[in-house]
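In case it helps, my numbering puts the sequence shown at residues 9 to 845.
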Amino acid sequence: MKTHARAVVIGGGVVGVSTLYHLAKKGWSDSVLIERKELTSGSTWHAAGLLPLFNLSYSVGQLHKYSVRFYEELQKETGMNVGFSKVSNIRLARTKDRWDEYMYYAGIAETIGVKVNILTPEQVKEVWPLCETDGLLGAIQHPDDGYIQPADLTQALAKGARDRGATIYRNTTVTAIEQQADGFWKITTDKGEITAEHVISCTGNFARRTGQMVGINVPVIPVEHQYIVTEPHPAIQERRRQGLPEMGVLRESDSAWYMREEAGGLILGPYEVGAPACYVDGPSDDSEYELFQEDLDRLMPHIEAAIVRVPAFGEVGIKKVYNGAIAYTPDGNPIVGPAPGLTNFWLNEGHSFGITAAGGAGWQLAEWVVDGEPTVDLMGVDPRRFGPYATEGYLIAKNEEAYSNVFTMHYPDEERAAGRPLKTTPVYERLKTLGGVFGSVYGWERANWFAPADYELPESERGVGADVITNHNYAAPLEDGRVVEKWSFRRSNYWEHVGNEVRNVHENVGVLDMSPFAKMEVSGPGARTWLESIFANAIPKKRGRIALAHILTPTGGVRAEFTIYEWSPGRFYMVSAGGLEAHDHDLLWRLAPKDGSVILQPITQKFGVLVLAGPRSRDVLKTLTRTSLETKDFPWLTAKPISVGVATAHALRVNFVGELGWELHHPIEMQTYIFDELMRAGAEFGIKPFGIRAMSAMALEKSYRNMGRELSIEYNAFESGLDRFIRTDKPFLGRDSMLKYKQDGVKWNFVTLVVEGNTDVDARGSEAIYDETGALVGRATSGGYGWRIGKSLALAMVKPSCSEIGTRLKIKILGTLYDASVVAESPFDPDNTVLRG
Ligand SMILES: Cc1cc2nc3c(=O)[nH]c(=O)nc-3n(C[C@H](O)[C@H](O)[C@H](O)COP(=O)(O)OP(=O)(O)OC[C@H]3O[C@@H](n4cnc5c(N)ncnc54)[C@H](O)[C@@H]3O)c2cc1C
């Protein structure tokens with residue numbers, strides 16, 4: 009066995025071997041893969057091999073697209089047959105909401121370049137003659153999709169990697185992993201030791217065990233997944249004899265199953281409710297090619313539904329049932345990227361569609377390891393989207409939930425119930441009493457909106473029945489039994505209530521709990537110099553000034569965004585999005601000097617944040633503090649500690665809603681006191697709580713950008729329109745690239761669009777945008793309704809030639825084309841007069 013390698017990949021499933029292949033392809037030929045048994049002997053060998061391109065995540069969608077194209081090339085490159093049957097993939101729709109979901113997806117597919125056909129029920133029958141089409145609205149079809157032989161694919165990847173000089177050790181178990189003082193990793197195996205600069209964990213169902221070797225919690229616990237293989241069916245055999253094409257992969261999402269031909273018979277794979285988590289402590293040491301006892305009872309409703317749709321399935325006997333472990337994460341997406349808190353330790357874990365994702369995930373992770381950044385925005389699969397709260401009990405609850413929701417409708421406003429409420433702020437109960445309807449971000453409960461007392465959805469709105477099983481998710485009732493929310497791709501019942509919240513903030517005053525904000529204090533003798541060196545914006549020299557500042561990638565993409573305020577001499581208070589806490593804090597830790605000159609102290613849990621906003625906010629706060637709140641003494645974009653009654657808070661004169669207001673960052677233990685005082689003092693000024701949805705609607709009217717949408721590593725900071733936050737007259741990360749863009753120009757421009765003619769739907773982000781000739785010229789990144797200006801809005805990235813104010817464009821929302829025009833940034837209060845008032 010070698011004693012040294014540039015990178016060691018642990019795990020010889022399809023994901024590990026693809027990672028090795030791509031490392032070797034990027035020139036790291038001295039990389040090694042270690043597999044405890046035979047290649048594919050984990051989950052890979054028993055996978056059904058489907059390659060679904062369908063995915064509602066822009067990042068995962070791009071990974072899948074790459075895989076499907078790459079697998080065909082791999083076959084040519086290695087001369088090994090990977091068994092790729094490009095038979096197409098058809099997803100049936102039975103309900104209007106499902107159709108909306110497919111039309112929403114079709115927009116994402118178009119913007120990432122994945123071909124999608126729309127089929128009528130008659131066309132479905134032509135492609136899949138054994139499928140009954142009663143009750144179908146239609147279907148979408150991926151012509152480039154199909155299935156592959158997972159074991160053959162893995163062997164071809166192994167050949168490709170070996171041909172490029174990489175080494176694979178089979179029947180070798182990694183037993184310990186330790187980082188040495190020189191930064192190199194010592195990997196101990198039952199066959200000897202090897203040191204490496206980088207370690208990449210691709211250990212499938214063993215992920216948590218591997219994580220434990222290096223002291224991290226990998227949020228992966230598998231769930232049992234079954235599929236059924238039938239005996240041959242005469243009608244399918246006859247089709248074969250006649251040389252007719254294979255019927256493709258059929259999915260009836262509304263009954264949660266997929267089906268395809270297999271050796272003259274059929275494969276049926278349901279995603280049922282009640283599939284249990286498994287291997288909670290990892291598989292046994294001798295686990296290899298392992299299957300569990302089948303449980304057909306659990307699948308019965310889906311089998312019956314499948315027989316209604318494809319009666320032929322009920323006409324043949326069952327040949328074999330595969331029940332195997334499928335890795336899951338709380339949101340069903342994999343974990344690809346750096347392990348938080350460790351240097352040069354990477355994760356490519358948690359793959360539930362690993363055959364499909366392996367190519368793309370291996371490609372992007374190899375770029376990240378070798379080049380320091382991927383080229384696709386991987387926020388949706390970044391290991392740091394979960395925090396330390398995602399431990400065993402949470403993972404079991406959430407991963408089982410994620411599995412059972414694979415085929416439910418993925419409403420953009422859906423808030424799943426498992427593992428909640430987990431993290432609550434002190435005012436949670438008060439907000440609940442006031443009608444708060446909660447969602448969850450990073451384990452925190454946040455009020456999305458406030459339902460009026462006694463408000464209830466009409467009975468007829470509460471759910472759509474479907475035959476056999478519904479497979480539709482509905483919002484859970486409030487504690488008192490009222491159902492107040494209907495999830496939808498369109499404007500839903502809460503829309504007008506959100507509008508009322510906006511109106512109250514705009515006309516009177518509102519209060520919003522933003523305590524989940526991620527917070528860090530940066531101090532130490534080197535703090536200022538270090539911050540100056542990493543952030544693209546200048547760190548304010550004057551104490552009390554607030555800066556919005558970004559950390560860029562070497563190519564000028566936006567990696568993170570922080571609000572920075574020097575709250576006491578040499579101590580910097582840094583606030584960023586609550587959902588990005590692990591990511592942002594890990595990033596700071598990676599960049600910080602390790603010589604003790606800079607001290608990072610995470611303080612998220614110590615401070616609560618109540619946002620007071622609206623024209624009467626000054627009147628309210630004035631009654632609770634002696635500090636002058638007049639603009640001459642307390643201008644916009646400044647902050648200072650103030651008293652709030654007998655409590656204390658740092659008041660930051662900023663907000664994400666574009667109204668006069670202050671964010672009160674206070675010791676968390678004083679939160680209920682401050683909240684009660686604000687509500688008491690605000691009563692005469694019409695104070696009411698407002699939620700995240702009202703905040704987002706108002707942010708849209710100010711053209712405020714969000715990480716993971718308008719701000720991403722895929723767009724450079726000029727493309728995202730951050731010019732005023734980029735100070736090229738000083739050093740910062742990514743400066744060279746930014747100077748180059750200044751000279752060479754950009755490929756995209758950030759624009760604000762007013763959408764016209766839409767009456768029951770707004771853009772959500774990911775819609776395709778066309779010029780007047782019908783050419784695709786960009787994509788929406790956010791969208792919604794601007795209540796203060798009374799217009800439907802979208803934020804978008806478009807070709808520079810289409811970004812002039814007044815340019816007429818078209819935007820496709822849920823399959824319908826609407827007119828849109830480019831308007832000046834911040835359609836509400838463009839001069840910030842209200843904010844500065
Ligand atoms: C019934 C079923 C059907 C499926 N169908 C599909 C499908 O149609 N399409 C699709 O895309 N996905 C499908 N999947 C999912 C797919 O099987 C997985 O996502 C994929 O195989 C994951 O690959 P992997 O490389 O991450 O994990 P694995 O294949 O499990 O590989 C991990 C490897 O790591 C090794 N390892 C672990 N610890 C160590 C150690 N300490 N030292 C050395 N080696 C170690 C293990 O031995 C194992 O070989 C299905 C899953 C199931 C259960």
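Heads up, the beta-carbon is just placed ideally off N, CA and C, and yes, glycines get one too. For clarity, every value in this text was computed on a predicted model and none was experimentally measured.
- In the three-state reduction of the DSSP assignment, Ala333 falls in the strand class.
- Taking C-beta atoms under 8 Å as the contact rule, Val665 and Thr760 fail to qualify, at a distance of about 16 Å.
- The segment 720-736 makes no contact with the segment 761-781: fewer than 3 CB pairs, one atom from each, lie closer than 8 Å.
- Taking C-beta atoms as the reference points, Asp160 and Lys94 fail to come closer than 8 Å.
- Under the three-pair Cβ rule at 8 Å, the segment 595-611 does not count as touching the segment 640-659.
- For Ile734, no pairing in a beta bridge is given by DSSP.
- Rounded to the nearest angstrom, the gap between the Cα atoms of Arg688 and His673 is 19 Å.
- Short of 7 Å from the beta carbon of Leu486, and not among the five residues preceding or following it, lie these beta carbons of its own chain, in chain order: Val492.
- Within the segment 817-845, the complete alpha helix (DSSP H) segments of 4 residues or longer fall at 841-844, listed in chain order.
- When the alpha-carbon of Val662 is set against those of Ile695, Ala725, Val414, Val583, the nearest one is in Val583.
- Every unbroken stretch of the beta strand (DSSP E) spanning 3 or more residues and falling wholly within the segment 191-249 is given here in chain order: 193-197, 200-209, 231-238.
- Using a cutoff of 7 Å, the CB of Cys210 counts as near ligand 1, since one of the ligand's heavy atoms is closer than that.
- The segment 299-315 makes no contact with the segment 194-212, as fewer than three CB pairs between them are under 8 Å.
- By DSSP's assignment, Trp457 forms a beta bridge with Val445.
- Taking 7 Å as the cut-off, the C-beta of Gly370 does not count as close to any heavy atom of ligand 1.
- Residue burial is scored here from C-beta neighbours: Val288 has fewer than 16 other C-beta atoms within 10 angstroms and is therefore classed as exposed.
- Here the alpha carbon of Phe698 sits roughly 38 Å from the alpha carbon of Thr383.
- Secondary structure of Asn356 (DSSP, three-state): strand.
- His480 carries a coil assignment under DSSP once its states are collapsed to helix, strand and coil.
- If only complete runs of 3 or more residues are kept, the segment 293-347 shows the beta strand (DSSP E) at 326-334, 343-346, in order along the chain.
- For Trp495, there is no enclosing beta strand (DSSP E), since its DSSP letter is neither H nor E.
- Contact between His54 and Gly367 is ruled out by a C-beta separation of about 19 Å, above the 8 Å threshold.
- Under a 10 Å Cβ-count criterion, Tyr436 is classified as buried, with 16 or more other Cβ atoms of the shown protein chains found around its own Cβ.
- In the DSSP assignment, Pro158 falls outside any beta strand (DSSP E) and lies within the alpha helix (DSSP H) extending over 158-171.
- The closest CA to that of Glu685, considering only Leu632, Glu727, Met706, is found on Leu632.
- By DSSP's assignment, Asp521 forms a beta bridge with Leu618.
- In this structure, Glu296 is the residue among Met221, Pro129, Glu296, Gly552 with its C-alpha nearest to the C-alpha of Gly50.
- Taking 7 Å as the cut-off, the C-beta of Ala333 counts as close to a heavy atom of ligand 1.
- Taking each of Leu719, Leu668, Lys550, Arg44 in turn and checking the Cα distance to Ser576, the smallest one comes out for Lys550.
- When C-alpha distances from Gly388 are compared across Pro342, Val414, Ser412, Gly427, the shortest belongs to Pro342.
- Val288 has its CB no nearer than 7 Å to any heavy atom of ligand 1.
- Checking the 7 Å criterion, the Cβ of Val491 is out of range of every heavy atom belonging to ligand 1.
- If the five residues before and after Ser37 are omitted, its C-beta is found closer than 7 Å to the C-beta atoms of Arg172, Gly173, Ala174, all from its own chain and listed in chain order.
- Taking all protein chains shown into account, Ile813 has fewer than 16 neighbouring C-beta atoms within 10 Å of its C-beta and is therefore exposed.
- Between the segment 130-137 and the segment 826-840 there are fewer than three C-beta pairs closer than 8 Å, too few to call the two in contact.
- Distance from the CA atom of Asn724 to the CA atom of Asn352, rounded to whole angstroms, is 25 Å.
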